[in-house]
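Undergrad: Sending over a structure as C-alpha cells; questions will come in a sec.
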Amino acid sequence: MSAAPYCLEVDRVHVWRGDRHVLKGTSFRLEGGELLHVWGPNGTGKTTLLRVACGLLRPEQGAVSWMGRAIHSFAADYQAALAYASHETALKSDLTALENLRFTVGLKRAVEGAELRETLAKVGVGACADLPARVLSAGQRRRVAIARVLALRAPLWLLDEPYTNLDTDGAAFMSAMLDAHVDQGGCAVVVAHHDLALGCRVRRLELSA
Amino acid sequence: MSIGAVAAMRLLLRRELTLSFRRPEQLLQPLVFFLIVTTLFPLGLSPQLSLLREMAPGVLWVAALLASLLSMDGLFKSDADDGTLEQLALSGQSLGIIVIAKTIAHWLVSGVALVVVSPVVATTLAIPIEAFPIMMLSLAMGTLTLSWLGAIGAGLTVGLRRGSVLLSLIILPLAMPLLIFGANATDRAIGGESAAGPLYFLAALCVFTTTLAPFAASTALRITLE
Amino acid sequence: MWTWFYRLASPPYVYRTAAAFAPWLLVSAAVCIVYGIVDGLAFAPPDYQQGDAFRIIYVHAPAGWLSMFGYTLMAVAGAVGLIWRIKMGHAVAAAVAPIGASFTVLGLVTGSLWGRPMWGTYWAWDPRLTSELILLFLYFGVISLRSAFEDPNRGDRAAALLAIVGVVNVPIIHYSVQWWNSLHQGATVMKFEKSSMPGSMLWPLLAMFLGYMLFFGAVLCIRVRAEILNRERQASWVREAVQA
Numbered sequence: 001m002s003a004a005p006y007c008l009e010v011d012r013v014h015v016w017r018g019d020r021h022v023l024k025g026t027s028f029r030l031e032g033g034e035l036l037h038v039w040g041p042n043g044t045g046k047t048t049l050l051r052v053a054c055g056l057l058r059p060e061q062g063a064v065s066w067m068g069r070a071i072h073s074f075a076a077d078y079q080a081a082l083a084y085a086s087h088e089t090a091l092k093s094d095l096t097a098l099e100n101l102r103f104t105v106g107l108k109r110a111v112e113g114a115e116l117r118e119t120l121a122k123v124g125v126g127a128c129a130d131l132p133a134r135v136l137s138a139g140q141r142r143r144v145a146i147a148r149v150l151a152l153r154a155p156l157w158l159l160d161e162p163y164t165n166l167d168t169d170g171a172a173f174m175s176a177m178l179d180a181h182v183d184q185g186g187c188a189v190v191v192a193h194h195d196l197a198l199g200c201r202v203r204r205l206e207l208s209a
Numbered sequence: 210m211s212i213g214a215v216a217a218m219r220l221l222l223r224r225e226l227t228l229s230f231r232r233p234e235q236l237l238q239p240l241v242f243f244l245i246v247t248t249l250f251p252l253g254l255s256p257q258l259s260l261l262r263e264m265a266p267g268v269l270w271v272a273a274l275l276a277s278l279l280s281m282d283g284l285f286k287s288d289a290d291d292g293t294l295e296q297l298a299l300s301g302q303s304l305g306i307i308v309i310a311k312t313i314a315h316w317l318v319s320g321v322a323l324v325v326v327s328p329v330v331a332t333t334l335a336i337p338i339e340a341f342p343i344m345m346l347s348l349a350m351g352t353l354t355l356s357w358l359g360a361i362g363a364g365l366t367v368g369l370r371r372g373s374v375l376l377s378l379i380i381l382p383l384a385m386p387l388l389i390f391g392a393n394a395t396d397r398a399i400g401g402e403s404a405a406g407p408l409y410f411l412a413a414l415c416v417f418t419t420t421l422a423p424f425a426a427s428t429a430l431r432i433t434l435e
Numbered sequence: 436m437w438t439w440f441y442r443l444a445s446p447p448y449v450y451r452t453a454a455a456f457a458p459w460l461l462v463s464a465a466v467c468i469v470y471g472i473v474d475g476l477a478f479a480p481p482d483y484q485q486g487d488a489f490r491i492i493y494v495h496a497p498a499g500w501l502s503m504f505g506y507t508l509m510a511v512a513g514a515v516g517l518i519w520r521i522k523m524g525h526a527v528a529a530a531v532a533p534i535g536a537s538f539t540v541l542g543l544v545t546g547s548l549w550g551r552p553m554w555g556t557y558w559a560w561d562p563r564l565t566s567e568l569i570l571l572f573l574y575f576g577v578i579s580l581r582s583a584f585e586d587p588n589r590g591d592r593a594a595a596l597l598a599i600v601g602v603v604n605v606p607i608i609h610y611s612v613q614w615w616n617s618l619h620q621g622a623t624v625m626k627f628e629k630s631s632m633p634g635s636m637l638w639p640l641l642a643m644f645l646g647y648m649l650f651f652g653a654v655l656c657i658r659v660r661a662e663i664l665n666r667e668r669q670a671s672w673v674r675e676a677v678q679a
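Residue numbers (my numbering), protein chains in the order written: chain A, 1 to 209; chain B, 210 to 435; chain C, 436 to 679.
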C-alpha cells in the first residue's frame, strides 16, 4: 500500500432538478488507495453526484474539494487529475477508435499513436484501432472508453456504470484494472447498481430516494 | 506535461475538420440552400435583370445569413448527443478555446465556402464583376461575425427541442446590423462608389464580436452542461 | 445602505415590501397619467405642423422609453442572477420581460396610429419604429428561450445571458438602423426634441413619463410577487403566507 496524498471530499451537497430534491446533503471523503462504490435505485442522483464531483454541475449548497482546495478555484488542474467515464461511451462514431483517443487524451498531454495502440491492445480492442466507432459493437465501444480512462493516467477515476455491455472477460479485466489503480494509490468513485467483486479496499455509499 | 493553448487549438481544429470532411454531403447543404433561397427571389418577383440588380445586395445577404444559420445548430449538437462535449469540457482546456476552435472550423467550412460560391450567385443576380471583391470581403467578415453570434445561440439552445428554430429566432435580430452594413457595402460597390464607410463598420462589428463572443458562448455552454 | 441591498435578495422580504409599495405606486401613477392625459389632450396647444395628431406623443413616447428601460432592467437583473447567483435577480428578470414587451407593443401600435395622419400609411420603415420592432423580437427571443427549458434554473440562466448579449447589441442595432434610414431617405423621422417644446406641451409629457414609470413599478411589484410565490412554492414561509 502506498501513501495516500490524494483526497476527494464532497461536503453536504444539495442539488435540485426543478422541484425534485435530487441530492440531499450527500457527503463523502475519499482518499488515495480507496474505491467508493455508489449504489442505489434509479433516480436517486448517482449520476448527478458523479457530475458534481467532476465539476460539471455546481450544487446549490455544499462544496467539493480535491486535496483540500475547492475544485472550482483551480478547474484546469483539477480536470487534469481526473478521468470521467459517463454512462454513454462518448465516442464520435465517424472517428476511428485511435482518433477518438488521440483527440481526447491529446488535449491533456502530448501522446504518440504507438502508445495509444498499445493501450487499445491491452484492453482487447487492438484490432479495432483503425475502425470507425460506429462499426464497433457496444462491448467494444465500452472497452475503447476504458482505454481512454487508462490512457489519461489520472489519479482520480469517476466511472458511471463502467461494466455496462461488457462480457465476462471484459468485466474481469475492468475489475483487474480497478484493483491495480487503487493498489497504486489512485482513487476511484464507481457508480454501479450491482455488487463489485474487487480485491482492493471498497467503501460503499448508498443513495436513497 | 500538459499541452499549451495553441497546441490544443490546433488539435481541436484538426478534430473538427476531420469530422466535417468525413461527411462531405453535409458540407454542401448550406451552399445548396444558399442557391435555392437566391432562386426564390427572381421566381417570386421578376426575372428582369435591372430589377434584380437593385435587389441583389439584399437578396444575396439574406440568403447568405439564412444559409449560415442553417448549419449553426449543429455546432455543439452532435457532441452533446454522444457525450463527447462533456469529455471536452473536462479535458483541462478552457471552454473558450474549445468554442473558438469549433467556431473557426465551422466558419472555414461553411462561411468561406459561401464566399467562394458567391460570385456564381452574384452573376445570377446581375451583379457586375467589378463589385465582386468588395462583395466577397464583406461576406467574409459578415459570415465570420454570424458564426460567432451563432455559436452563442447554439450554446444556449443545444439540447432543446426545436432548438434550431429558436436559434434562428434569437440570432437573426442580432444579425440585422450585419445585414445593413454588408448589403450597403455591396450596393455601393455595384454603383461604383467607395464602400469604405460600411466596410469599416462591418469590420468593427466583426472585431467586436470576435472579442466578446467566445466568452459569451462558453458561458452559454457551461449553463447548458449543467 | 448595503444591508438594504442584501435584503433585496431575500424572497420573503421582497414579497412583503412589494405588497406595501404597489398600491402607492398605482395611485401616484394614476394621478400623473390622468393629469398628463387631460392636460395633453385638452389643454396643450395644437402643434402648428401636425395639428392635433401630435397628441399621440403623450402615449407613444413614454411607451418607447419604457420598452428600452424594461429591457435594460431585465438584462441587469439577469446579470445579477447569473454572476452573483442571486435568485431574486432571475425572478425580477422573468417578471419584467412581459411588461417590457407589452410597452414595446404599445409603442409600436401608437407609433403606427401616429403614422396614419403623418405619412398616410400605418407602417413606413421609420428608424425609431424599426428599432422598436427589433426590440420586440429581442424580447420575444428572451421569453421563448426561458420557457423552452424544462429545468427552470437553466432557463433563467440562459435567458439572462441572452438578455445581456441583447442589451450590448441594442445600441449597435439602434445606430445601424438610423444609418440605414438616413441613406434611403425613408419616412420623415418623428422628431420632437424636448428642448424645443414649449412648457405647455412639455409638462404633460413629463407627467406621462413619470406616470408610466410608476405604473411600470406597480405592475412589476405585483408580478414579482407572483414569480416569488411560484419559485419558492416549496418553502414553508410561502405556505404560511398563502394560508394567511
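We put the beta carbon where it would ideally sit given N, CA and C, even for glycine.
Which two residues bound the contiguous beta strand (DSSP E) that contains Lys24/A?
TA: Where Lys24/A is concerned, the enclosing beta strand (DSSP E) stretches over Arg20 to Glu31.
Undergrad: Using a threshold of 7 Å, is the CB atom of Glu339/B nearer than that to any non-hydrogen atom of the ligand COA?
TA: Looking for the ligand COA in the displayed structure turns up nothing, as the structure carries no ligands at all.
Undergrad: Considering only residues of the same chain and omitting the five flanking positions on each side of Ala514/C, which have a CB-CB separation below 7 Å?
TA: Closer than 7 Å at Cβ, skipping near neighbours: Ala595 and Ile599.
Undergrad: Exposed or buried, which one is His72/A when buried takes at least 16 other CB atoms within 10 Å?
TA: Counting Cβ neighbours within 10 Å, His72/A comes out exposed, since fewer than 16 surround it.
Undergrad: Would you say Arg109/A reaches chain C, if we count a Cβ-Cβ gap shorter than 8 Å as a contact?
TA: For Arg109/A, the answer is no, since every Cβ of chain C falls outside 8 Å of its Cβ.
Undergrad: Quick check on Val531/C - is its C-beta less than 8 Å from some C-beta in chain B?
TA: Taking Cβ atoms only, chain B never reaches closer than 8 Å to Val531/C, which makes this a no.
Undergrad: From the DSSP secondary-structure annotation, give me the bridge partner or partners of His37/A.
TA: Note: His37/A sits in a beta bridge opposite Val190/A and Arg204/A.
Undergrad: Would you call the region 416-432 of chain B and the region 361-381 of chain B touching, i.e. three or more CB-CB distances under 8 Å?
TA: With a cut-off of 8 Å, the region 361-381 of chain B and the region 416-432 of chain B count as touching, because enough Cβ pairs lie within range.
Undergrad: Would you mind stating whether Leu95/A and Pro132/A have Cβ atoms separated by less than 8 Å?
TA: Yes, the pair counts as a contact, with Cβ atoms nearer than the cut-off.
Undergrad: Grab me the residues of Trp316/B's own chain with a C-beta within less than 6 Å of its C-beta, minus the 5 sequence neighbours each way, in chain order.
TA: Excluding sequence neighbours, Trp316/B sits near Leu353 and Ser356.
Undergrad: What are the boundary residues of the beta strand (DSSP E) that Gly62/A is part of?
TA: Segment Gln61 to Trp66, the beta strand (DSSP E) holding Gly62/A.
Undergrad: In its own chain, which residues sit with a C-beta less than 7 Å from the C-beta of Lys629/C, not counting the 5 before and 5 after it?
TA: In this prediction, Lys629/C has a pLDDT of 48, which is less than 50 and means its spatial position is unreliable; what the coordinates show is noted afterwards. Hits under 7 Å: Leu637.
Undergrad: If the criterion is Cβ atoms closer than 8 Å, does the pair Pro342/B and Ile608/C meet it?
TA: Their beta carbons are not under 8 Å apart, which means Pro342/B does not touch Ile608/C by this criterion.
Undergrad: Taking just the CA atoms, how far does Cys656/C sit from Arg231/B?
TA: Cα to Cα, the separation comes out at about 55 Å.
Undergrad: Within 8 Å (strictly less), CB to CB, does Gly401/B reach chain A?
TA: So, not an interface residue.
Undergrad: Please list the residues of the region 334-363 of chain B that have a C-beta atom closer than 8 Å to any C-beta atom in chain C, keeping them in chain order.
TA: Answer set for the region 334-363 of chain B: Ile361.
Undergrad: With distance defined between alpha-carbon atoms, name the residue in Leu240/B, Val268/B and Phe243/B nearest to Gly253/B.
TA: Nearest option by C-alpha distance: Val268/B.
Undergrad: For the candidate residues Arg666/C, Gln678/C and Phe644/C, whose alpha-carbon lies nearest to that of Leu501/C?
TA: Nearest of Arg666/C, Gln678/C and Phe644/C to Leu501/C, Cα basis: Phe644/C.
Undergrad: Quick one: list the residues of chain B neighbouring Val600/C, beta-carbon separation under 8 Å, in chain order.
TA: Residues of chain B passing the Cβ test: Ile361, Leu383 and Ala425.
Undergrad: Around the C-beta of Glu234/B, are 16 or more other C-beta atoms found within 10 angstroms, so that it is buried, or is it exposed?
TA: By the 10 Å Cβ count, Glu234/B comes out exposed.
Undergrad: Output the boundary residues of the alpha helix (DSSP H) element that contains Asp291/B.
TA: Counting along the chain, the alpha helix (DSSP H) containing Asp291/B begins and ends at Gly283 to Asp291.
Undergrad: If contact is defined by three or more beta carbon pairs under 8 Å, each pair taking one atom from either stretch, is the region 81-93 of chain A in contact with the region 130-150 of chain A?
TA: The region 130-150 of chain A is in contact with the region 81-93 of chain A.
Undergrad: Contact criterion: CB-CB distance below 8 Å. Does Ala536/C meet it with respect to chain B?
TA: With 8 Å as the cut-off, Ala536/C does not count as an interface residue toward chain B.
Undergrad: Where Gly213/B and Asn100/A are concerned, what is the direct C-alpha to C-alpha distance, given to the nearest angstrom?
TA: The straight-line gap from Cα to Cα measures roughly 20 Å.
Undergrad: Going along the chain, which residues of the region 655-670 of chain C sit with their C-beta nearer than 9 Å to a C-beta in chain A?
TA: Per Cβ criterion, the list reads Arg668 and Gln669.
Undergrad: Under 8 Å, do Leu198/A and Leu178/A count as touching if we go by C-beta distance?
TA: Contact: yes.
Undergrad: Would you say Ala310/B faces chain D, with C-beta separation under 8 Å as the test?
TA: Note that chain D does not occur in the displayed structure, where the protein chains are A, B and C.
Undergrad: Can you list, in chain order, the stretches of the beta strand (DSSP E) that have 3 or more residues and sit fully within the region 73-128 of chain A?
TA: If we require 3 residues or more, the beta strand (DSSP E) runs fully inside the region 73-128 of chain A come out as 82-85.
Undergrad: Report yes or no: is there a C-beta of chain C within less than 8 Å of the C-beta of Pro386/B?
TA: At least one chain C Cβ lies under 8 Å of Pro386/B.
Undergrad: Might you give, ordered along the chain, the residues of its own chain that have their beta carbon closer than 6 Å to the beta carbon of Ala425/B, omitting 5 neighbours on each side?
TA: Here the set comprises Ile361.
Undergrad: Decide yes or no for the touch test of the region 60-67 of chain A against the region 31-47 of chain A: beta carbon pairs closer than 8 Å, at least 3 of them.
TA: Cβ pair count under 8 Å is below three, so no.
Undergrad: Name the chain A residues that come within less than 8 Å of Thr212/B, Cβ to Cβ?
TA: The displayed chain sequence assigns Ile, not Thr, to residue 212/B. Those within 8 Å of Ile212/B in chain A are Gly106, Leu107, Lys108, Arg109 and Ala110.
Undergrad: Based on Cα-Cα distance, which residue from Met503/C, Val577/C, Ile518/C and Val511/C lies nearest to Leu541/C?
TA: Checking every option, the nearest Cα to that of Leu541/C belongs to Met503/C.
Undergrad: If the criterion is Cβ atoms closer than 8 Å, does the pair Leu23/A and Val189/A meet it?
TA: Not in contact: Leu23/A and Val189/A (Cβ atoms no closer than 8 Å).
Undergrad: Identify each residue in the region 4-29 of chain A for which the Cβ-Cβ distance to at least one residue of chain C is less than 8 Å, and report them in chain order.
TA: From the region 4-29 of chain A, only Trp16, Arg17, Gly18 and Asp19 have a Cβ closer than 8 Å to chain C.
Undergrad: Where does Asp130/A sit, in a helix, a strand or coil, going by DSSP?
TA: Asp130/A falls in the coil class under three-state DSSP.
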